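What follows is a set of notes on a single structure, which appears directly below.
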Amino acid sequence: MQSLAALSALGQETRLDVFRLLVRAGGDGMLAGEIAQVLGVRQNTLSANLSVLTATGLIRNERQGRGIRYFADMTQMQRLLAFLMEDCCGGRPELCQPALDTLACLC
Numbered sequence: 014m015q016s017l018a019a020l021s022a023l024g025q026e027t028r029l030d031v032f033r034l035l036v037r038a039g040g041d042g043m044l045a046g047e048i049a050q051v052l053g054v055r056q057n058t059l060s061a062n063l064s065v066l067t068a069t070g071l072i073r074n075e076r077q078g079r080g081i082r083y084f085a086d087m088t089q090m091q092r093l094l095a096f097l098m099e100d101c102c103g104g105r106p107e108l109c110q111p112a113l114d115t116l117a118c119l120c
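Residue 57 in our numbering sits at position 44 of the sequence shown; the count goes up by one each step and never skips.
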């Protein structure tokens, strides 16, 4: 199940930090070196974590000259959130509305 792999990937602190950073970067994404610098992570450690996140579909990359730019895959994030909230509140969607409102405000 893709959702289980995504949750497992995000269960590691550095990968969660990378994903959250890329979500904040939005459509501009970030070069791998920029990510390493902002998070204070060694390049080889970052590379392994980027590979895991890419394999789960949470992030995607694009080669730009000699560098690789990474982006959060917002469609995959939406799928993950939908999976988590699929049976929200036992059929009483009004109980989930505060969580949905919070998510809407953060975007």
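For every residue, glycine included, the Cβ atom is placed at its ideal position computed from N, Cα and C.
Predicted, not measured: the structure shown is a model, and the values here were computed from it.
| Item | Value |
| --- | --- |
| Rank Arg82, Thr88, Thr69 by C-alpha distance to the C-alpha of Leu17 and give the top, closest one. | Thr69 |
| Report the rounded CA-to-CA distance for Leu44 versus Arg82, giving the unit in angstroms. | 4 Å |
| Where do the N-terminal and C-terminal ends of the alpha helix (DSSP H) with Met25 fall, by residue? | In the sequence under discussion, the amino acid at residue 25 is Gln, which differs from the Met named in the question. Per DSSP, Gln25 belongs to no alpha helix (DSSP H) and is neither H nor E. |
| Would you tell me roughly how many angstroms separate the C-alpha atoms of Met87 and Ala49, rounded to the nearest one? | 21 Å |
| Quick one: is Gly42 buried, meaning 16 or more other Cβ sit within 10 Å of its Cβ, or exposed? | buried |
| In terms of DSSP beta bridges, what is Leu44 paired with? | Arg82 |
| With DSSP as the reference, label Arg73 as helix, strand or coil. | strand |
| From Val65 to Ala22, what distance separates their C-alpha atoms? | 7 Å |
| In three-state terms, what does DSSP make of Gly103? | helix |
| Assuming the contact rule is C-beta atoms closer than 8 Å, Thr27 and Thr58 should be a hit. Round their C-beta distance to whole Å, please. | 7 Å |
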